[in-house]
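Okay, so the sequence shown: first residue is 8 according to the working numbering, each after it adds one.
We put the CB at the ideal spot given by N, CA and C, even for glycine.
This structure is a prediction, so every number in the text was calculated from the model and none was measured.
To start, the structure under review is shown below, and the notes come after it.
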Amino acid sequence: MTGYLDKAYGARDATSTRQLYDDWAASYEAEVGENGYATPGRCAAALAANISDLNAPILDFGCGTGLSGLALRLAGFNTIDGLDLSADMLAVARGKNLYRNLDQIDADSPLPHTQGDYAAIAAIGVIGAGAAPISVFDTLMDGLAAHGRFVFSFNDHALEDPANEGKLQDWLDRKHAVLLFKGYGDHLPGIDLKSNVYVIEKL
Numbered sequence: 008m009t010g011y012l013d014k015a016y017g018a019r020d021a022t023s024t025r026q027l028y029d030d031w032a033a034s035y036e037a038e039v040g041e042n043g044y045a046t047p048g049r050c051a052a053a054l055a056a057n058i059s060d061l062n063a064p065i066l067d068f069g070c071g072t073g074l075s076g077l078a079l080r081l082a083g084f085n086t087i088d089g090l091d092l093s094a095d096m097l098a099v100a101r102g103k104n105l106y107r108n109l110d111q112i113d114a115d116s117p118l119p120h121t122q123g124d125y126a127a128i129a130a131i132g133v134i135g136a137g138a139a140p141i142s143v144f145d146t147l148m149d150g151l152a153a154h155g156r157f158v159f160s161f162n163d164h165a166l167e168d169p170a171n172e173g174k175l176q177d178w179l180d181r182k183h184a185v186l187l188f189k190g191y192g193d194h195l196p197g198i199d200l201k202s203n204v205y206v207i208e209k210l
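In structure tokens form, the structure reads like this:
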């Protein structure tokens, strides 16, 4: 790993995470791009295949510089809002004109929308070591109305912690969600890192 990628998967508090991503904003796309960042496209395609209305509003949580928003656009989604904790990442995303709205949030703050505002929420490359904690999973699912879709990914580092897939399994076991798609494939092939992509429906 080179540059910021070697720092990205270490445990840290929310303030340090925000600082890392602010500092990384200018070089983020070049660094993940040269390593073949594949998860946004995989997530967007999986969501598009498991939702009926591509014009319905989508929330891109942890949107960063907008790579996930671009992937969602290319998959046919037309109404995308973005949230991220990094002001500098959001500044890059804003320049792409992909999003209807872009807002900064604080770690552990409630979602600023009303349940049911979005047909789907995306958390692409967001939950895992060095990024958002697994508690965010509940926050995002709570922000969906019944039959809303949640697309997310766990990379190999996240999959090493059984609490991550355990949280998903808990929602499925309690019959509060149903798994529509799960697929393992490239995340950052340049550093031989893979990820699972999931789409679930809230019941």
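Cβ neighbours of P117 within its own chain (closer than 8 Å, five residues either side excluded): T146. Our two residues, G190 and L175, have alpha carbons roughly 14 Å apart in a direct line. Going by beta carbons, T86 and R101 fall outside the 7 Å limit.
For the set L90, G132 and H194, the Cα lying nearest the Cα of D113 is the one of L90. Counted as a single uninterrupted DSSP element, the alpha helix (DSSP H) harbouring D177 occupies residues P169 to D180. Burial check for K182: the Cβ neighbour count within 10 Å stays below 16, so the residue is exposed.
Per DSSP, the beta-bridge partners of I134 are A139.
In this structure the stretch 62 to 69 does not touch the stretch 34 to 43; the number of beta carbon pairs closer than 8 Å is below three.
Within the DSSP secondary-structure output, V185 pairs in a beta bridge with E208.
Annotation: F144 to V185 spans about 15 Å, alpha carbon to alpha carbon. By the neighbour-count criterion, in which 16 or more other beta carbons inside 10 Å mark a residue as buried, H194 falls on the buried side. A Cβ-Cβ distance of about 5 Å is found for the pair L61 and F84, placing them in contact under the 8 Å criterion. Leaving aside the five residues that flank D199 on each side, none in its chain has a CB nearer than 7 Å to its CB.
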